[in-house]
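Presented below is the structure to which this report refers.
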Amino acid sequence: MSHLLALVIEDYVDAAVIFREAVKRAGFEAEIIRDGKTALERLATVEPAIVILDLNMPGVSGAEILQQIRSDPRLAKTHVIVATAHPEMADEVRDQADLVLIKPVTFGQISALAARFQGLGE
Amino acid sequence: MGDKVTKEQARQLTAFLDKNESILKNIDEGIVIFDLDGKAVAANPAAACLFGQPVREVIGSDMGTLLGEEVKIDRERILNLRRDDKALLVALVLVCGPSGQTICTVAVFHDLAQEADMARVRDDFVSLASHELRTPLGAVLGYVDMLREDVYGPLTKQQSEVVDRVAANAEQLASLVNSLLDEAQMQAGGLTLNRVPFAPIKLIDNVQIVMARAAQYKGLNLTACIADDVPAMLYGDFQRLCQVLSNLVGNAIGLAKSGIVHVEVYRPDEDHWALEVSDTGSSISEETQSYAFAPFRQVGVSIRRGRRGAEPGLSIVRRLVALMNGKIVEGRAGHRNIFTVILPLALRDTDALCEGMEEPISVQDGTR
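Chains as they are written, first to last, in this note's numbering: chain V, 1 to 122; chain U, 123 to 490.
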């Protein structure tokens with residue numbers, strides 16, 4: 001059985017690596033995307049089971065990406081975990097995200113949370 | 123100022139100016155001294171700076187011109203003044219000479235915008251610095267977690283001990299940075315409640331997710347229980363309640379040497395519900411306990427004293443609980459510390475608007 005896909009959309013490389021390893025630990029196949037524009041392009045071709053999403057990114061913001069995911073029926077089953085350092089930005093996306101985490105977010109948290117979404121999207 | 127200015131009054135004014143010249147020059151507030159005819163006879167560099175003209179030009183100006191209006195000075199008074207784009211607070215003081223007669227009026231100009239700017243700069247700095255500190259700290263903690271989780275292969279005993287030391291120090295730093303940011307937010311007036319319906323079980327869920335690892339690394343068990351009479355749905359600021367509970371649990375984990383950190387949700391009476399966090403086998407002193415809820419200014423003291431027990435995160439707990447019209451009850455039973463947060467029970471939107479607690483809650487005896 002092939003693994004479910006998780007996209008880690010995060011411009012800060014260390015956070016991206018930690019999140020990637022965390023979702024891999026939870027059993028997903030993981031892919032890092034480091035800017036908003038590339039994220040939108042990739043989301044047009046894949047259907048990830050979960051997306052770990054940073055909000056503050058150059059170019060296209062995380063909020064815009066979240067909106068795009070929610071308006072695309074093809075991605076109806078995609079779970080979005082937002083990880084942001086900005087509580088005020090977090091409030092703006094709370095309705096649309098499955099989970100909103102305020103950074104610092106640990107490896108353990110992401111892997112435990114991602115594991116919860118394993119198989120839920122089926 | 124209808125009185126005729128006597129030679130004696132003029133002489134006393136000159137003496138007054140001579141005596142105070144160096145104070146005048148070096149003070150940060152803008153100061154202009156007017157004689158009894160309302161003409162400026164002295165001004166300091168700070169005043170010249172406020173008015174955007176050299177001291178020698180300020181001297182000789184009318185009080186009416188400088189204040190933008192004719193002001194009758196028969197007593198001390200404070201005026202608000204706008205000049206160009208500056209908001210100034212002006213204190214006018216009558217000065218008497220040795221003979222008891224008025225000899226001059228001293229006007230002290232205080233730039234309000236400058237003060238507001240300073241406060242804003244400080245808040246922005248704290249907020250920016252906190253974010254800039256949090257990001258790399260999060261990375262440090264993340265890599266530490268990965269090493270501990272054998273993502274990069276198993277560690278030797280010694281490597282594992284080193285990783286533990288890195289983690290302990292980084293966690294302490296992270297906790298300080300977090301409370302600094304919380305404090306900055308509160309001082310900027312950004313602390314409001316966002317009340318929503320929520321299931322109390324979700325609070326337990328959240329704290330388990332957030333704190334289970336920290337407990338596990340210290341060899342502690344994190345347990346929880348919800349009493350049957352607690353409603354399945356309550357009304358309140360869920361995110362802030364999560365923060366309150368996590369901080370209390372984080373504190374308990376910090377204090378506990380071994381055993382269990384236990385969370386209990388129950389109803390102390392019909393109109394309230396309570397979040398109680400207790401630990402086993404620790405030794406927090408009474409002094410440390412009151413200290414634990416002090417505002418962050420004292421965090422510095424805590425670092426210098428090397429005290430690790432009192433988590434600064436408790437300061438925000440106290441403020442949040444007050445904002446929610448709740449109370450914190452601290453109890454002890456043997457070596458167990460018990461922190462109980464008691465909140466008004468709200469089932470609907472309107473319930474949250476009811477008065478805060480008027481009657482003191484009966485204090486727990488710590489043996490629950």
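Built from N, CA and C at the ideal position, the CB exists for glycine as well.
Here the structure is a predicted model, which means the values were calculated and not measured.
Anyone know if the C-beta pair for A158(U) and C226(U) falls short of 8 Å? For clarity, residue 158(U) is Leu in the given sequence; the question names Ala instead. Yes. Within cutoff.
In chain order, what residues of the region 341-369 of chain U put their CB closer than 7 Å to some CB of chain V? none
Output yes or no for whether 8 Å exceeds the beta carbon distance between R389(U) and V443(U). No, Cβ-Cβ distance for R389(U) and V443(U) is not below 8 Å.
Using the rule of at least 16 other Cβ atoms within 10 Å of the residue's Cβ for burial, across every protein chain shown, is L469(U) buried or exposed? exposed
According to DSSP, what are the bridge partners of Y388(U)? A396(U)
For the candidate residues Y357(U), L303(U), N459(U) and G358(U), whose alpha-carbon lies nearest to that of S380(U)? N459(U)
Going along chain V in order, which residues have a C-beta closer than 8 Å to the C-beta of L259(U)? Annotation: Cβ neighbours of L259(U) in chain V (cutoff 8 Å, chain order): P104.
Nearest-angstrom Cα separation, counted from S297(U) out to I406(U): Its pLDDT being 49, under 50, I406(U) is placed unreliably in this model, and the coordinates cannot settle the point.
Among A112(V), S61(V), V82(V) and V93(V), which residue has its Cα nearest to the Cα of K103(V)? Across the set A112(V), S61(V), V82(V) and V93(V), the C-alpha of V82(V) shows the shortest separation from the C-alpha of K103(V).
Between the region 57-69 of chain V and the region 87-98 of chain V, can you find at least three pairs of beta-carbon atoms closer than 8 Å? yes
Grab the span of the alpha helix (DSSP H) containing F117(V) for me, first residue to last. No alpha helix (DSSP H) holds F117(V); DSSP gives it neither H nor E.
According to a CB-to-CB cut-off of less than 7 Å, which residues of the region 370-382 of chain U neighbour chain V? none
Using the Cα positions of Q175(U) and E143(U), report the straight-line distance between them to the nearest angstrom. 19 Å
Residues from the region 2-16 of chain V in contact with chain U, defined by Cβ distance under 8 Å: Y12, D14 and A15
Consult DSSP for T38(V) and reduce its assignment to one of helix, strand or coil. helix
Cβ shell of L467(U) (< 6 Å), same chain only, five flanking positions each side left out: D393, H394 and W395
Which full runs of the alpha helix (DSSP H) of 4+ residues lie inside the region 294-354 of chain U, going along the chain? 322-339
Taking a Cβ distance cut-off of 8 Å, strictly less, list which residues of the region 268-287 of chain U are near chain V, in chain order. M268, E271 and V273
Return no unless some Cβ of chain V is closer than 8 Å to the Cβ of Y388(U). The beta-carbon of Y388(U) is placed no less than 8 Å from the nearest beta-carbon of chain V.
If you draw a straight line from the C-alpha of V385(U) to the C-alpha of V451(U), how long is it? 15 Å
Buried versus exposed call for L188(U) [16 or more other C-beta atoms within 10 Å across all chains shown]: With 16 or more other Cβ atoms within 10 Å, it is buried.
Look at G152(U) and A168(U) and say whether their C-beta atoms are less than 8 Å apart. It is a contact, given that the beta carbons lie within the stated cut-off.
For V288(U), I'd like the list of residues in its chain whose CB is within less than 8 Å of its CB, leaving aside the five on either flank, ordered along the chain. In its chain, beyond the 5 residues on either side, V262 and V266 have a beta carbon closer than 8 Å to the beta carbon of V288(U).
Which whole runs of the beta strand (DSSP E) in the region 215-298 of chain U are 3 residues long or more, in chain order? 224-233
Among G27(V), G36(V) and E10(V), which residue has its Cα nearest to the Cα of S111(V)? G27(V)
Any chain V beta carbon closer than 8 Å to L263(U): yes
Using a Cβ cut-off of 8 Å (strictly closer), state whether P417(U) contacts chain V. Residue confidence for P417(U) is low, a pLDDT of 41 falling below 50, so the modelled location carries little weight and cannot support an answer.
Restricting to Cα atoms, I'd like to know which of T462(U), A241(U) and V318(U) is closest to R362(U). V318(U)
Assuming contact is defined by CB atoms lying nearer than 8 Å, are F117(V) and A49(V) in contact in what I supplied? yes
Using a threshold of 8 Å, state whether the C-beta atoms of L295(U) and V285(U) are closer than that. no
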